[in-house]
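J.:
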Ligand SMILES: NC(=O)C1=CN([C@@H]2O[C@H](COP(=O)(O)OP(=O)(O)OC[C@H]3O[C@@H](n4cnc5c(N)ncnc54)[C@H](OP(=O)(O)O)[C@@H]3O)[C@@H](O)[C@H]2O)C=CC1
Ligand SMILES: CC(=O)N[C@@H](CCC(=O)OP(=O)(O)O)C(=O)O
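In the UniProt record's numbering, the protein residues as written are 1 to 307.
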């Protein structure tokens, strides 16, 4: 018998994709409540306390309540919501950046947000290496497929096919900003400008840089080499050396659990655009949850992933 894994919120967008990735795997016994029981707190509390692993795919408030229902010292938790990403006692579930051993040993793991996966994946190694300053006021532009907003945004986009581009987060208080700042170790909160395009899945997050105005910053080639070195050997995070003049998100994108990073530099090296591409439901959510589960269960981190 494998370790039991209860997905709380298995009928939602992230939960469904996690269940797909775990289906047929003999290392785990998947526990999913029926439609009648999935919001029944007594049934949920029993499942939460019986499981070896729980994956929370719920809105923030429900995720916090679910953690409060765990009355034992043994159930290990992966929370896909943004409720615990900068909370004490929680490990940030970005194994490549926080350390695979750290995630593997943790009891409470908070999955990164989809946009922060791109932003932190690009910036954390470079700030740590001293090639980018921690005290710079960084900006991040990003676009996401509409599945990033869960069932409600999917329904909105499927009903209104006329939305060509949706800029949002315009009041500058997006919930991802605290984790972006904390896990890169930045002095200032980054200015985050997200948008949604009419594609089901896919994400591009970009950090434009005036390198020549940043004291001590590396050249584009140094930044790219440092990222390639940091992620060398990762089966999930790829650093590309090409310099394309355009990058496309395809509406027909198939699910993928990879994260692809690029440093695109101007000819004179004075400017760069750091660009991350991923599947918001892959390395941005469900793929990351399964990667973390694999590590916590002592398995190969890529088992069941779409690479
Ligand atoms: N979509 C994405 O790309 C990403 C999502 N996340 C995070 O993952 C979490 C889930 O998001 P997502 O799957 O997109 O959202 P969805 O809205 O698609 O799914 C959420 C699910 O939780 C269920 N639910 C809500 N409240 C309760 C409750 N009290 N008890 C039991 N079930 C409940 C909902 O039920 P019902 O079906 O009845 O509405 C729904 O099935 C969120 O915190 C989100 O922020 C993180 C990274 C990326
Ligand atoms: C397109 C869209 O709406 N995206 C979501 C973020 C998706 C994600 O990363 O989920 P968390 O809620 O777990 O952080 C948003 O901007 O709120």
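A virtual CB, placed ideally from N, CA and C, is assigned to each residue, including glycine.
Considering only DSSP beta bridges, list what residue 78 is partnered with.
T.: Paired residue(s): 55 and 109.
J.: Have a look at residue 77 and residue 221 and give me their C-alpha separation to the nearest angstrom.
T.: In a straight line, the C-alpha of residue 77 is about 40 Å away from that of residue 221.
J.: List in chain order: all unbroken beta strand (DSSP E) runs of 3+ residues lying wholly within the region 197 to 246.
T.: DSSP runs (the beta strand (DSSP E)) wholly in the region 197 to 246: 203 to 210 and 237 to 240.
J.: Beta carbon of residue 258, beta carbon of residue 307: below 8 Å?
T.: Contact: yes.
J.: Which residues mark the beginning and the end of the alpha helix (DSSP H) in which residue 70 is found?
T.: Here residue 70 belongs to no alpha helix (DSSP H), and DSSP marks it neither H nor E.
J.: Please state whether DSSP places residue 138 in a helix, a strand or coil.
T.: Three-state DSSP puts residue 138 in coil, outside helix and strand.
J.: Got a sec? Which residues, its chain only, sit under 7 Å from residue 243 by beta carbon, not counting five neighbours each side?
T.: Around residue 243: 264.
J.: Does the distance from the CB of residue 270 to the CB of residue 223 come in under 8 Å?
T.: Cβ atoms of residue 270 and residue 223: not closer than 8 Å.
J.: Identify every residue that forms a DSSP beta bridge with residue 4.
T.: Paired residue(s): 29.
J.: By Cβ distance below 6 Å, which residues in the same chain neighbour residue 5 in space, the five residues on each side in sequence not counted?
T.: Only 28, 30 and 53 meet the Cβ criterion.
J.: Assuming residue 55 and residue 293 are in contact, meaning their beta carbons sit under 8 Å apart, how far apart are those beta carbons, in whole angstroms?
T.: Yes, they are in contact, since the Cβ atoms of residue 55 and residue 293 sit about 7 Å apart, within 8 Å.
J.: So, with DSSP's three-state summary, where would you put residue 298?
T.: Three-state result, residue 298: coil.
J.: Within 10 angstroms of the Cβ of residue 285, are there 16 or more other Cβ atoms? Answer buried if so, exposed if not.
T.: With 16 or more other Cβ atoms within 10 Å, it is buried.
J.: Taking 7 Å as the cut-off, is the CB of residue 311 close to at least one heavy atom of ligand 2?
T.: Shown here, the chain extends from 1 to 307; a query on residue 311 therefore has no answer.
J.: What residue from 278, 236 and 247 has the CA that sits closest to residue 304's CA?
T.: Comparing Cα positions, the closest option is 236.
J.: Can you tell me which of the three DSSP states residue 253 falls into?
T.: The answer is coil: DSSP assigns residue 253 none of H, G, I, E or B.
J.: What do you reckon, is the C-beta of residue 210 under 7 Å from a heavy atom of ligand 2?
T.: No, since every heavy atom of ligand 2 falls outside the 7 Å radius drawn around the Cβ of residue 210.
J.: Provide the residue(s) that pair with residue 278 in DSSP beta bridges, ordered along the chain.
T.: In the DSSP output, where bridge partners are listed per residue, residue 278 has 203 and 259.
J.: Is the Cβ-Cβ distance between residue 178 and residue 140 less than 8 Å?
T.: Contact: no.
J.: Measuring from the CB of residue 298, is there a heavy atom of ligand 1 at a distance below 7 Å?
T.: Checking the Cβ of residue 298 against ligand 1 gives no.
J.: Taking the continuous alpha helix (DSSP H) assigned at residue 184, which residues delimit it?
T.: 177 to 184 is the span of the alpha helix (DSSP H), which, as asked, contains residue 184.
J.: Can you name, in chain order, every residue of its own chain whose Cβ lies under 7 Å from the Cβ of residue 256, other than the five neighbours on each side?
T.: Closer than 7 Å at the Cβ level, and outside the excluded window around residue 256, lie 279, 282 and 306.
J.: What is the residue span of the alpha helix (DSSP H) that residue 86 lies within?
T.: Neither: residue 86 is in no alpha helix (DSSP H) and is coded neither H nor E.
J.: Per DSSP, which residues does residue 194 bridge with? Please list them.
T.: Answer is 142.
J.: Mind checking whether residue 166 and residue 301 have CB atoms under 8 Å apart?
T.: No, they are not a contact pair.
J.: Taking 7 Å as the cut-off, is the CB of residue 34 close to at least one heavy atom of ligand 1?
T.: No.
J.: Please classify residue 252: is it buried, with 16 or more other beta-carbons within 10 angstroms of its beta-carbon, or exposed?
T.: Exposed, by the Cβ-count rule.
J.: From which residue to which residue does the alpha helix (DSSP H) around residue 129 run?
T.: Per DSSP, residue 129 belongs to no alpha helix (DSSP H) and is neither H nor E.
J.: Quick check: the region 84 to 99 against the region 115 to 124, are at least 3 beta-carbon pairs closer than 8 Å?
T.: Flag = yes, the region 115 to 124 and the region 84 to 99 touch.
J.: Helix or strand or just coil, what does DSSP make of residue 189?
T.: Of the three classes helix, strand and coil, the one that applies to residue 189 here is coil, per DSSP.
J.: Does any heavy atom of ligand 3 sit closer than 7 Å to the C-beta of residue 258?
T.: Only ligand 1 and ligand 2 can be found as ligands here, which leaves ligand 3 out of the picture.
J.: Checking 8 Å against the spacing of the C-beta atoms, do residue 79 and residue 44 come in under that value?
T.: No. Outside cutoff.
J.: Taking 7 Å as the cut-off, does the CB of residue 47 come closer than this to any heavy atom belonging to ligand 1?
T.: Flag unset: Cβ of residue 47 not near ligand 1.
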